[in-house]
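A.B. asks: What follows is a single structure, and I will ask about it in a moment.
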């Protein structure tokens, strides 16, 4: 963490810059799950008149950094997410120069280095054992959120909009993702931010990355294959699946299929994506207590006409929930 004083009047004016996941990060060692990389962190005690921006690899293009909350990807005051398009990166060592300007005076100028590899293909089958991972970025790419590894698995520290872990790459087409989840807490769904009327955990498949838009960071999360969300409602009652792609596909369980679950109990999640014809893909999901036998039937299935994304990586998501994801397995399926 970088700590410095904006003026000489005392500690209450000390500005703290926290770069989550370290100041020398690596991307692409296993492969690249999306079209961009994300460097996340938080800046505290910054005057609202300050200007924060970065330049990439010594260039002269100044990119202004949005600071949270933005009621979407940036959760807390001072949060930032620098999204860098992979097409703009160099093979090997890269750097960004972070600048903070206030009243024409440069308060901070620091360099953050990272390594990028473009050529690697994420292995499939793929397995994550969190106890052996060492650190998050050894096994996943963090897209959003302040995550940590605990004895139970990958834990999200904050409850907010789409906290995301990604793994896989554009070569993945037909595969099955299985993990466990423990619910610790959630924000009750309500209209408007930050829940937008839904709280959930999800597994998404055939993810290409956020679609490039005019925002910083990019906010448009579709097109993709589909996201399968296990929705949490008041008192963990009437919970249910929905599968949708943000555009045409939307399927949700019927009321008679709703279920009640328990906080601090471990459950299994499984999501399968597979082509069933030259023009259609099927998405299947199931959810069951980890101490029980896996049910034979899927809880919910949806068929999509493949007009957008035929391949892509996988995501674990926590939307307005505090959860811990357990070990992960990804198994390829026959085409």
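Numbering (our numbering), first residue to last: 64 to 398.
Quick reminder that beta carbons are idealized off the backbone N, C-alpha and C, glycines included.
1) Between residue 354 and the rest of its own chain, which residues show a CB-CB distance below 8 Å, the 5 nearest in sequence each way excluded?
2) Note the first and the last residue of the continuous alpha helix (DSSP H) segment covering residue 319.
3) Where do the N-terminal and C-terminal ends of the beta strand (DSSP E) with residue 354 fall, by residue?
4) Got a sec? Which residues, its chain only, sit under 8 Å from residue 136 by beta carbon, not counting five neighbours each side?
5) CA-CA distance, residue 73 and residue 273?
6) Would you decide whether residue 237 is buried or exposed? Buried here means 16 or more other CB atoms lie within 10 Å of its CB.
7) What's the C-alpha gap between residue 71 and residue 275?
8) When the Cα atoms are used, what is the spatial distance from residue 118 to residue 84?
9) With contact counted as at least three CB pairs below 8 Å, one residue from each stretch, are the segment 329 to 345 and the segment 239 to 247 in contact?
10) Quick check on this structure: which residue in 134, 79, 125 has the alpha carbon closest to the alpha carbon of residue 256?
11) In whole angstroms, what separates the C-alpha of residue 219 from that of residue 209?
12) Assign residue 265 to buried or exposed, taking buried as 16 or more other Cβ atoms, counted over all protein chains shown, within 10 Å of its Cβ.
13) Quick check for students: name the residue ranges of the beta strand (DSSP E) that lie wholly in the segment 138 to 209, counting only runs of 3 or more.
14) May I ask which residues mark the beginning and end of the beta strand (DSSP E) holding residue 82?
C.D. replies: Taking the coordinates as given:
1) 329
2) No alpha helix (DSSP H) holds residue 319; DSSP gives it neither H nor E.
3) Looking at the DSSP string, residue 354 is not in any beta strand (DSSP E), and its letter there is neither H nor E.
4) 144, 207, 224, 225, 280, 282
5) The predicted position of residue 73 is uncertain, since its pLDDT is 44 and thus under 50; a value taken from the coordinates is nonetheless stated next. Straight-line spacing of the CA atoms in residue 73 and residue 273 works out to 41 Å.
6) Looking at its Cβ environment, which holds 16 or more other Cβ atoms inside 10 Å, residue 237 is buried.
7) Bear in mind that the predicted position of residue 71 carries a pLDDT of just 38, short of 50, making it unreliable; the figure below should be weighed with that in mind. Using only the alpha carbons, I get a separation of about 41 Å.
8) 20 Å
9) yes
10) Of the candidates 134, 79, 125, the one whose C-alpha sits nearest the C-alpha of residue 256 is 134.
11) In a straight line, the C-alpha of residue 219 is about 6 Å away from that of residue 209.
12) buried
13) 142 to 148, 155 to 165, 168 to 179, 189 to 191, 204 to 207
14) For residue 82, the enclosing beta strand (DSSP E) begins and ends at 77 to 82.
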